[in-house]
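Residue numbers (the numbering used here), protein chains in the order written: chain R, 901 to 1015; chain Y, 17 to 128.
Written out below as structure tokens is the structure these notes cover.
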Amino acid sequence: ELKVEQNPLFLSMQEGKNYTIYCNYSTTSDRLYWYRQDPGKSLESLFVLLSNGAVKQEGRLMASLDTKARLSTLHITAAVHDLSATYFCAVDPLPGGGSNYKLTFGKGTLLTVNP
Amino acid sequence: DGGITQSPKYLFRKEGQNVTLSCEQNLNHDAMYWYRQDPGQGLRLIYYSQIVNDFQKGDIAEGYSVSREKKESFPLTVTSAQKNPTAFYLCASSILSDTEAFFGQGTRLTVV
């Protein structure tokens, strides 16, 4: 059974600071996704990481994937209040996608950025 | 505009009732999913379907049923056998060859 662990689960940070959210998973996979969820809202796709060493950046967020370490990171640079949300990573449990299309999600990281 | 539409946004159920949550997509995606979200639990997969007239149980299928009679539609029925149905339900879809999932706006179900 695939396990996806995010840490920290709660993160309170000041505007202007940098921080990293970690996503570890327990089996081989080369597909990892990051989503954002605002309170009471649905999930918005942020990044799709499809190979070892993949790095993607959008604004103050940068995501990377190390399939050998089974680790993805979401780095926040110079945080602003608008980044306050819950961030989820999700892993495709089969190498290369396979035929069993279902994602396994981490529990999410609740990020609060304080002025 | 292409997207995934869930209805209703809020739903109240009495004890012992069955209720059906609607999910429609016009993205021409083959795969569709239902997830349940509880506070602090992340998302848990209830059912998924890769093709019309076929679906598979996810991790927490007990007390739920689905159908996939059309490619565009994947309704979820929460039956009276589901003892703790109060949760936020999210429907998603993806192209069969790419598991990036796109989500609907969700239905918040409350038992009264």
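Beta carbons are placed, not taken as given, at the ideal position from N, Cα and C, and that holds for glycine.
- Task: In angstroms with no decimal places, state the Cα-to-Cα distance between Y/Met48 and R/Ala979.
- Result: Counting from one through the second sequence, the residue named residue 48 of chain Y turns up at place 32. Counting from one through the first sequence, the residue named residue 979 of chain R turns up at place 79. Each residue's alpha carbon lies about 34 Å from the other.
- Task: Report yes or no: is there a C-beta of chain Y within less than 8 Å of the C-beta of R/Leu943?
- Result: Within the first sequence, residue 943 of chain R is the residue found at index 43, counting from 1. Interface residue, yes.
- If you measure beta-carbon to beta-carbon, which residues of the stretch 113 to 128 of chain Y are closer than 9 Å to chain R? Ser113, Asp114, Thr115, Glu116, Ala117, Phe118, Phe119, Gly120, Gln121, Gly122, Arg124
- Task: Note down, in chain order, every chain R residue with its Cβ under 8 Å from the Cβ of Y/Gln57.
- Result: Within the second sequence, the letter at position 41 stands for residue 57 of chain Y. Result: Lys1007.
- Members of the stretch 69 to 103 of chain Y near chain R, C-beta cut-off 7 Å: Gly74
- Item | Close-in-space but distant-in-sequence residues of the same chain around Y/Thr126 (CB under 6 Å, 5 per side omitted) | What you label residue 126 of chain Y is simply residue 110 of the second sequence in a count that begins at 1. Counting only Cβ-Cβ distances below 6 Å, and skipping sequence neighbours, we find Phe28, Thr102.
- Does the beta carbon of Y/Leu61 sit closer than 8 Å to a beta carbon anywhere in chain R? Numbered from its first residue, the second sequence carries residue 61 of chain Y at position 45. Cβ-Cβ to chain R under 8 Å: yes for Y/Leu61.
- Are the beta-carbon atoms belonging to R/Leu1010 and R/Leu946 less than 8 Å from one another? Along the first sequence, one-based indexing puts residue 1010 of chain R at 110. Along the first sequence, one-based indexing puts residue 946 of chain R at 46. No, these two residues do not count as a Cβ contact at 8 Å.
- How should R/Leu1003 be labelled, buried or exposed, when 16 other C-beta atoms within 10 angstroms of its C-beta is the threshold for buried? The residue given as residue 1003 of chain R occupies position 103 in the first sequence. It counts as buried.
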